[in-house]
Every structure is written in C-alpha cells, then in structure tokens.
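Following: one structure in structure tokens, then a few remarks.
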Amino acid sequence: MTRTIHADLLAEQKKLAYRPALSVVLGDNNLPHPSLIKTPLVNYSANPTASVNTGTAIIRAHRIAGIGLQVQRITNPASTSQWESWTTLDANGNYPALFYTGSRIVLVYQNTSTNDLAFRTSDNDGQTWNGPYTAWASAPFTLNGSQCGISAGQENSWFVFADGSTITAMRYQQSSNSFAGSPPFTPFPGTVVSTSGIYLGRNQYQLAVVCSDYASWTDSAIALQPFTWDGSTFTWGTPTTYIGIQGGTGASPAYSFGHVSLHQVGSWYWLTYAYVASQTAGALYNDNDTIVAVSNDATYFTAGIRINQAIADKLQVHRWSDGKVYLCSDKHLLSSSQVTTVTASLQRIKALDIEDIGPMAYAEIHLDNRDGTYDDLAIGRLGCDITINRGAICGTTERTVARETFVAARFTRSLDNTTLAIHAYNYYRLLELWHAPIPYYYSNITLGNLVESIAALAGIHSVTLESSSIWATMLGEFLIPPGQSAAAALASLQDQFQFLTRMGEGTTLQALLVSSSPASSYAFGPTAPAHPTLRAEDSVERVAPDITHAEVIGSNAGASSIATDLQFETGRQFTYRITREVLTTNTDCATAATAITTKLLTSINRSEVVALPAFHLQPFDAVTAPDGTTRYIARLRETYNPASIETLPRRTKQVYRQTITMAAIAPAAGARSTVDTIAPTIWRKSDFRKGKLVSFDPTTWKALVWLDDTAGAVLLPVARHLHPATLVAGRRVAVMQFDTTNPADGLVVGIYSGTNYWQPFDRLYASDGSPAPAVYTDTAGRLKADYGLDVAGNITATSDVYPRSDARGLMTRLVDVIGTPTDHFRSGSIPSGFAWDAPPGRNLYYNYNSDFLYAICSANTTAFLYKGGAWTQTYMRNKAFTARIALCAGLSSGTCVERVGIRFRYKISGTWYYDQLMLEAYGTCQTQYILKAETTVSGKSGYTTAPFGTAGEFVTVRLLYYTNDVVYAYIYGEHGISQGLGAISGTTPAMTDAQVGLFFQNQHASSYGVSLVDWFHCQF
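In terms of this note's numbering, the sequence shown is residues 9 to 1028.
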C-alpha cells in the first residue's frame, strides 16, 4: 500500500539537488462546533418537533397541549425578524413529521381523535397549506414520537414510523398525492423508541434507530438500519450497531438513548441523540446530555461531543445558504460555523519538522509573521486540519505529495511576534486521546468492521484494509470498557491478528499485514535508479525493547492466563484473545522448537539512511537499504530549514532532509487468525515475572531465563515458579515469546511431560480451556483441579465442603444469608425458652443422628414447639423464624397427609389466629412435597405451590413478620433453588400475645407421620 507519486516527481526526487515546493493549508476539520444561541425559543411547546429545510426556508412543526398542531416558517435563521409566528393547522394533530420532495412540503401527523394518519401539503414553501388528507385511516397504533420523514424527490420520499418492534416505511407519490397502499415493514430486535432517516443517493436510504432490548447485551442501543428502493423493489439491509449500553432493564434502563436525528451536512453526516443515565435505575450517577456525532459514510460515527444541554427533543441539523449550520429543537437553537481556509506558501515557511514514528506522527511548522498576516490565525483553529504538501518544481510545474492530515494542537508566537509556531499531530493521535466514557460492546462483528468502528469512535472516518481473509474473521464479542482508549482497543486486535496500522493519505487509517520476506517498493543506494543517500550507517539496537506481545505454545490454560497477566500488567486491555497451539506429539514439539529458535536467532539489523526526501514513503513501507537487504521503514523524520543553507557544503546545500530508520519486522511465530476466549478470573501480578531468554536448546527444550524480580535481576533456570512436582530432569519446556520486533525476549511458562499433555502452572487460573489431565495431585497429596471439574457421579465428603479461601464451609455460607442457627438439639432436650403445646405423642427423639429432632406423630395429632409472650405488633416487626426441615418418605401405607413447618400465632381480641408455612406430603409412600401456606387471620388467604422437591430431602423455610405487619414466606432448596414466595396477603390486626415456633401434624387415623428438624433460628 505504498503511496502513489507523479512520475515527474519520482524522477526529480532522485536527483542530487532540486528546488523544493512546499505549502501548508489550514482548513476546517468537518466536525461540529456547536454554540448555544438561544434557549428557550419563543412559544416552545416542550414537545418533540419536526423540521425540514427547503433551501429558502426552514419549516418547523410541533404540538402545544390545548391548542393543537402548529407550523412555523423561517426564511433566515440568523434574523429573528424572519422567524414567522406559529400557525395552528389541526387542533387534534400530534406527532408531526416533515419531508420535502423538491417542490412540495409534506407534513404527516396523527389525528388523536380518529387515530388517522393524516397529511397536509404546501406548494409555496410553507406559506399556505392544503388538506388534510388521509394516509392511513383508523391506524391501530399510536406514533408516540417514533416517526420521521425522509426527503428524496417527488415519487420516492418516505414517512417512517415504528409500532413496538415493527418499522414501517410508507412511500409518498406526489403525482397522486398519496402514500403507497402496501407499506413495507420489518420486525426489528427489541422496541423502537425513536427514528430518523436520510436519502444517501442511488436508491439507498439510512435510518438511525434507538431501540430498547435490542440484544441480550444491551438495554438501550442506537443502530443504523439501511434500506433500498429501486422503483419497484424494497429491501431492508443489515443493521450496524453504533452503540449499545447495558444496565437496569429494558423497561427501566439505567442508561438509555433517545431523540435520535440524522442529517446530511455537505458531504458529511451528523447524528444527534440524547443520553440519559438514571441513578435510581442503577447508574453510578445521574446524567442528561445531548451528543453530536459525525461520519463521512452515515454508517461509522464518532463517539460524538457533548453540548451540555439536556434536550428532550430531536436536535435537528440544517445547513443554511451562508454555510453556517443550525441545530434546533423545540426549545434550543445552536449554530456551528466552519473556519475559513488559510494557505501558507513556501516563502512563508521558515522551518518544518515532521517526525513519524509509525503510526504516530508529529509536525512543527514555523511561519513568517513579520507583517502580521497570522496575528489572528489561531482564533477558532485549535483542532483544525493541517495539510502539508511537499515536493519539488519539475521544470516549471510544482509537483507535490501531501502527508497525512495533521491536527493543530498548539499555536505559539515568538516574543517579538515575528514568528508563529504551529504544533500538530496526525489523526492517529485521536485514537490515543479518545477514552470511552461508557462501555462500548460489539457482538458478532467481523474484524474489519470492528477496526472501522473503533477508528470512527475517535474521529477517523476512513479505513483501508490490505487484502486478506483475516478481516472477515467473526468475533463473538468485544468490549471497550470505560476509560480505555481507542488505541489500546485497536492494539489488542493488532497483537492477536498480527497487523499494523498507520495513517495513509488524508485522514485514512491503513491496516497492513507484515511479512517475513517483504517485497521492496523502493531502493536506496549509490547507483541508479536507486535513491542517492547522504549517509548510511548500521544502528542496530543491542538492547531488547519492552515486552509488547505474548504468544503461547501449548494447550495450557495456565500459560494462557499468565500471558493475559502480562498484557494486563503492561497496560493493555484485558479483553485480549490469546492464540494457543496444541502440541500433542514430539514431532509437534520439534516443529514449534524450530520456529522459536529461528525467531531467537533473527537479527533485527536496524540501519539508518539520510537523504533528500522520498516524498511518498511512510513507516511500514518495505524498502531496500544500501547494503542490499529489504526491510521495513520503522521511523521517518523530515526537516526543512532554509536558514541553514549558507553553512552547508555543495552536495548538502539542500535545506530538505529525510532520515529513515529501517528494521526487520516479522509476524510472531504461530500467529493465527482465530479467536480464543480466555479471560482469567484472578489477576496475580505477584505471581508473574518479566524475563529475557538467555539461552535455548531446541534439542532438549531447556532454557535459561533472566527474570526481573522485585529483589533484583537474577539468573535462574527454567524451573523457576513451577510446581515442585514438575521438577523432573529432561522434561521439555514451552516458551512464550514477546515483542514482534525483537523476539529475543521470552519466558518459560510450562513443561512438556514427554507423553501427550502439558503440565500446568501452579496457582494460575483461567475461566475456560482445561488442560489434560484435568486434575493432578500436589506434594501434599491434595487433588488439584484449578481450571474446573465436572463430575458425573456423587461426591462424598467426610467433613464440610470449603470453597477456596473460605474457612467456614458451604453450610455456614448458606446460613449467613438467613441467620446463624443457634438453637440445636444436641443437649437431648428442647432449647431454652421453648415449650410444647401437645407434643407429637407417639415418639419423640432428641439428639437423633447427633443433631436432629426426630418426631413421629400419632394419628390425627398436631404438635407445636413454641416460644411466646405478651408480644405486640411493635415487638414482632422485622423478625424472622427459619428452620431446616424434612418429611421422611416411604414410612406410611395407604393415603395420608403429613406436615411439618413454621407457625406464627396471635391473640387478637381474645381469640388465637395463625399464619403458617409448611411442607406437606400426601399419597401412597409420600414421595413428593408441596409447599403450603395457611392463615386464619381475617382478610388473609393461603395458597399452595406446585410439587416442590422429593420427600426425604431437606429444605430451609422462613417466615418474616415485616414492618408493615404482613408476613412473608421464603424457601431455600438443597440444589440451589430459592424462592421468595411473597406475602401472605393482608395486614395483621393489633395483638396482645403471640407465639412462634415449629409445628408437626398427621391427618390420618391409621398411620403416623415422621418429621425431621435439623436446626432452627429464632429472632424473637
């Protein structure tokens, strides 16, 4: 992708001397510069509006409650005297949309009395209106602000609206003054909140759509939905997600977008939308602002700029005949003006210095200001585009090539004001400066489209991809977290897919692929047709650069985890995808060893040449050095300094210089164009050591690594930080490589056992990708399965089960939620403070099986183990009773009903009432539970669940007497099931006494019930 150059200039720049041609152009950057003119506007309605620009007038429409649908005509937005008064057209009109056919204005709205979609027309620029006419009688929906108009000629303009997840586009035909009878529509993912559309030309249209619940990963999103109409066929295209954000719910999102508006301004497209963050719905803080984004293709937009205005309306954009852009809503008016273009010729340029370190480039330009020409140059031009044209005079004609576009970053005047210095950087710097204010999430997107999307967020609207199949690689998910720069996000993709980026012509970002054997596009040397040099020298860098890339050989999940730790520690985003290569045989290992050794022995051979400028060259162009080797340009500096001409010898009596640094750049060995989804769950910087490979033996796979430890750099063998069980002589190692420009960096991450699997690192974790074998035993005899363990059968533990870093056990963790059980039966009697009201009768065992109450009820009996007193509502409030209980299965014959549960009793006006929650088993052999709530309190009603669990299994039940005097029920199963069963509806009246406790019941004359209570917890 070498830049093209005119044949005359190509020949001229190879001469020993030439006359330079140079100019610097400062122009507008095509970005919005909105400034608030007025708010509130006169007679605003506080309702969403519509507007259209005919070229000679701006027509606005809105609805005012109690008055109706109104229109306004503006013949000059800069003059308030030419803002005509509002005119009421329809007292029942609402939800207006406007479009212009080129000779007719069409206003579409909904009659709120009949629900008709009505429209009116004006053939005299909005001075008078015809109609109303009917587009859709008694429409079965309400527009509700989802409508928009698209101006596209007399027979192809459109009225678009949404009803839930359905978008409908109705085509207007001026010849018959009607809308197409069979409107095309499409089910859209989620619920459409707002739409706006434009005509792109060549039968192509683009809609901007705000949608809630657009996908599983977002509660609110903005998508660009294209469609085409060729005069006979209507086709919906594939939507492109601009932005999506998650938080809260679709009905009540923590973050949401709205009031979207899409307009064309010259050759650019402006997208405005509202952004709202609700702390009540779960956002970190409240926020309400309007954002303006731009694009040069109406598909990939910048992240936008905030205008610090909370606008509950579409901010509509209109470019007036004087070039000024107006942004208007019902209440606000803003304007944006482009800066005028200024060109500095060669005679004005006192010095120029451009340093391009690929992909970043910086420029410093000094202009002659002795006559005051540039006194006001800096006004309004911070951030403007700078084009630097360089070249030579070929015969009598100037031939120049422009560097990539630069951005003005600083203007500095000399103390005597005779010189103005301009400091600038190229557009790649925008990727580093832009940091995500909110999460940007992409799902099922190709690598090429993702690169374009990331670049557009930062303000780079044009991307060129070198021909390759990797750009079609589908990525399942990609996240740019808040605070991360676009450059860091792009770097993660570059490391994975082994491509480079640079700025090409203008503001185009180029994505290039590197080759181990690149083809030369230009040559430097002493003989024609090579480009002559002033100086050439070997400047090989003997010091290894910082680690920039990680590569894993082997299927080791631990190795992948340490690679991601490295990227995290060096400042890269943690959404890295690590390429992994599975080596299962000695032959595979030998092949990988050869690749690694080749990289280690490859010299980078950096060299530097100084010459007159080769104007078309850029970093990452492959060129031939004077020694005949072909390498990539790694760095390029270009200077122009006419003041030095008197002190230079003849050959160098040229004021132009170009210094080029060349280096070997090769793709990392084993790079793949596939995506792995390793995402470690634990970051352990203390477990990671940076290191440089000192020696490597491809025969024995043994290596020596210099590790940078906190205690100082020490020379250590490869076994450093491996588990003691892996320290077996002769085992082979896998080496992880760093830095694509200098492969002499490396770190040993695991060893090969010599059979068919990799021994994993100790204490390194990843959330997927378990190695084989899945478990191993450490020196203490403990079984390790740090990457996950799936067991088909049962696991029996002789003691409690303790998750990692938890010394309390799973049972204790459960009761942390429901209260610590303090009342047990180990003492062989009922706990202190409790008493029986009619014990179970037949048999009652305490201390059964070490810590159970084992109750066998006599036929047709009810027992109640309770605690109580002269308790009032005030005492009862916000207290709960919890118990772990079970009913035994298979101990009864015939049909029976057995129950065990929790009961609250209250004495109300001298009579006892109760609320109770119980397990009930019934039927032959009692094999299934149901959960049942009963009440005798007036105004309450019990309920019964569907079958819940199997008889014989324990469940934990809970009753809570809440602060509103309503009792709530809960159940926790032993298999991860939990249910909040809600309130036993109704409010408990005032009481004088109350009791709480366990009850047991058997409702059958010829059988008995068996109940178990493990523990209970009483807050009363």
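Glycine residues also receive a C-beta, built at the ideal position from the N, C-alpha and C atoms.
Straight across, the Cα-Cα distance linking residue 220 with residue 310 is about 21 Å. The segment 263-271 makes contact with the segment 197-216, as at least three CB pairs between them are under 8 Å. The C-alpha of residue 9 is placed about 40 Å away from the C-alpha of residue 324. Cβ-Cβ distances below 7 Å link residue 526 to 630, 638, 640 in the same chain, with the five nearest sequence neighbours on each side left out; the list follows chain order. Within the segment 20-103, no run of alpha helix (DSSP H) reaches 4 residues while sitting entirely inside it. Within the segment 387-411, the complete beta strand (DSSP E) runs of at least 3 residues fall at 393-402, 405-410. Distance check between residue 141 and each of 151, 177, 101, 158 places 101 closest, using alpha-carbon atoms only. For residue 360, the enclosing beta strand (DSSP E) has its first and last residue at 357-364. Counting every other CB atom within 10 Å of its CB across the protein chains shown gives residue 482 a total below 16, marking it as exposed.
Less than 8 Å separates the beta-carbon of residue 52 from that of residue 339. The continuous alpha helix (DSSP H) containing residue 440 extends over residues 436-441. Residue 883: not part of any beta strand (DSSP E); member of the alpha helix (DSSP H) spanning 881-884, first to last residue.
Beta-bridge analysis with DSSP links residue 178 to 167. Using a 10 angstroms sphere on the CB of residue 886, the tally of other CB atoms stays under 16, which defines it as exposed. The C-alpha of residue 98 is placed about 32 Å away from the C-alpha of residue 208. Per DSSP, the unbroken beta strand (DSSP E) holding residue 344 starts and ends at 341-344. Following the DSSP letters along the chain, one finds residue 631 inside the beta strand (DSSP E) bounded by residues 630-632.
In this structure, 507 is the residue among 541, 534, 507, 650 with its C-alpha nearest to the C-alpha of residue 628. The shortest CA-to-CA distance from residue 528 to any of 941, 636, 510, 375 is the one to 636.
Partner residues in a beta bridge of residue 1012, as assigned by DSSP, do not exist. Counting only residues of its own chain and dropping the five nearest sequence neighbours on each side, residue 326 has a CB closer than 6 Å to the CB of 61, 66, 334.
Put simply, the backbone Cα of residue 495 is about 24 Å away from that of residue 396. With contacts defined as CB atoms closer than 8 Å, residue 275 and residue 304 qualify as a contacting pair.
Minimum Cα-Cα distance from residue 306 among the listed residues 331, 273, 500, 320 corresponds to 273. Setting aside the 5 residues that flank it on each side, residue 434 is surrounded in the same chain by 369, 412, 414, 511, each with a C-beta closer than 6 Å to its C-beta; the list follows chain order. By the neighbour-count definition (other C-beta atoms within 10 Å, threshold 16), residue 920 is an exposed residue. Contact between the segment 452-459 and the segment 474-492 is present: three or more C-beta pairs spanning the two stretches fall below 8 Å. Residue 468 holds the alpha-carbon nearest to the alpha-carbon of residue 442 among 468, 1012, 429, 132.
Taking a contact to require three or more Cβ pairs closer than 8 Å, the segment 369-378 and the segment 420-433 qualify as touching. The segment 152-171 and the segment 107-125 touch, with three or more beta-carbon pairs separated by less than 8 Å. Cβ-Cβ separation between residue 253 and residue 446: approximately 6 Å, consistent with a contact (criterion under 8 Å). With respect to residue 419, residue 385 sits close: the two C-beta atoms are nearer than 8 Å. Closest by C-alpha distance to residue 971, out of 888, 961, 894, 1005, is 888. Burial check for residue 48: the Cβ neighbour count within 10 Å stays below 16, so the residue is exposed. Secondary structure at residue 945: coil, using DSSP grouped into helix, strand and coil.
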